[in-house]
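Numbering (my numbering), first residue to last: 281 to 593. Think of the CB as a built atom: it goes at the ideal place given N, C-alpha and C, for glycine as much as any other residue.
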């Protein structure tokens, strides 16, 4: 009985030792994990055939050592064939699991690395927005200081509130649309002090859009861009109209402003589109090809900026 137990343990260890010290070492030594799948299959199958024969011979050696097989009965060939088929099947399963594990592990590391790079790029893009926004807002306040000090004080208070909110939202990947809209309302109220009757503001907001998520400062950046490169360049000023539409799991934003968009610039001779390029890049990093961005002229009097943002990504 004890001899049979030793034999069972020995034969159980043989496939484990062969797979770990032979198959695994060959895969690592020749770097098969990085070889194309089409080229590696034939190599692995060839290796399995060789080690299956080796394992069968080791089994026979164990039979001889423990004298558990009587070869006079003529079943040696059948025993060798059986051992070969069983061990070959086991090695196929082992190598499949081994390659699958390392493939998934490698793919997981790649995804984590890609996510980390995307997050760094997003943080860099967001870090560019606050100084850009603050600079433009301070210019608006500065224009009021000498001419209308009372309005300048109100503007400074509004600006501080906007900055406080934007700094909180800047730490998040996406925020509630309603929170972003409130910041935009405060910003446009600040600009209304400077432009007075030259700036007309319209809102057409679908109440259902309040539950959607968007990148922080995205709408704010596009509205700011519309004023800087559109309304502020017109003697009579113009309009800013913000519209949101919800369809199933998609939020559509439409910003309409007076002006004209020409080859990436709101006005000939002036470079524009900083906010546009920033927005496009952030949408791509967060949503990939699922989000869309489009900007075009309407009747040579207005610029239309449209953003389509999917939810649940």
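| Check | Outcome |
| --- | --- |
| Going by DSSP, what residues sit across from residue 508 in a beta bridge? | In the DSSP output, where bridge partners are listed per residue, residue 508 has none listed. |
| So, is residue 363 buried or exposed, given that buried needs 16 or more other C-beta atoms within 10 angstroms? | buried |
| Roughly how many angstroms lie between the CA atoms of residue 479 and residue 520, to the nearest whole one? | 7 Å |
| Would the stretch 512-527 and the stretch 559-575 be scored as touching if the rule is three or more Cβ pairs under 8 Å? | no |
| Taking the Cβ atom as the reference point for each residue, do residue 507 and residue 523 lie within a distance shorter than 9 Å? | no |
| Between 588, 542, 573 and 569, which has its C-alpha nearest residue 581's C-alpha? | 542 |
| Rounded to whole angstroms, what is the Cα-Cα separation between residue 432 and residue 420? | 9 Å |
| Using 8 Å as the cut-off, can you tell me whether the stretch 455-463 makes contact with the stretch 421-430, which would need three or more C-beta pairs spanning the two stretches below that distance? | no |
| Quick check: what's the CA-CA separation for residue 314 versus residue 306? | 13 Å |
| In terms of DSSP beta bridges, what is residue 467 paired with? | In DSSP, residue 467 forms no bridge with anything. |
| In angstroms, rounded to a whole number, what distance separates the CA positions of residue 344 and residue 385? | 42 Å |
| Across which residues does DSSP place residue 573 in a beta bridge pair? | 587 |
| Let me check one thing: in DSSP terms, what residues is residue 594 bridge-paired to? | In the structure as shown, the chain starts at 281 and stops at 593, and residue 594 therefore has no counterpart that could be examined. |
| For a test of the three-state rule: what should DSSP assign to residue 344, helix, strand or coil? | helix |
| State the DSSP-derived secondary structure class of residue 315, mapped to helix, strand or coil. | coil |
| For the alpha helix (DSSP H) holding residue 309, just list the boundary residues, first then last. | 304-309 |
| Ignore the nearest five residues each way along the sequence and tell me which others in residue 532's own chain have a CB closer than 6 Å to its CB. | 525 and 588 |
| Output the distance between the C-alpha atoms of residue 468 and residue 569, rounded to the nearest integer angstrom. | 31 Å |
| Suppose contacts are defined by Cβ-Cβ distances below 9 Å. Is residue 225 in contact with residue 537 by that definition? | The requested residue 225 does not occur in the structure, where the chain is confined to residues 281 to 593. |
| Rounded to the nearest angstrom, how far is the Cβ of residue 249 from that of residue 445, given a contact under 8 Å? | Nothing about residue 249 can be read from this structure; the chain reaches only from 281 to 593. |
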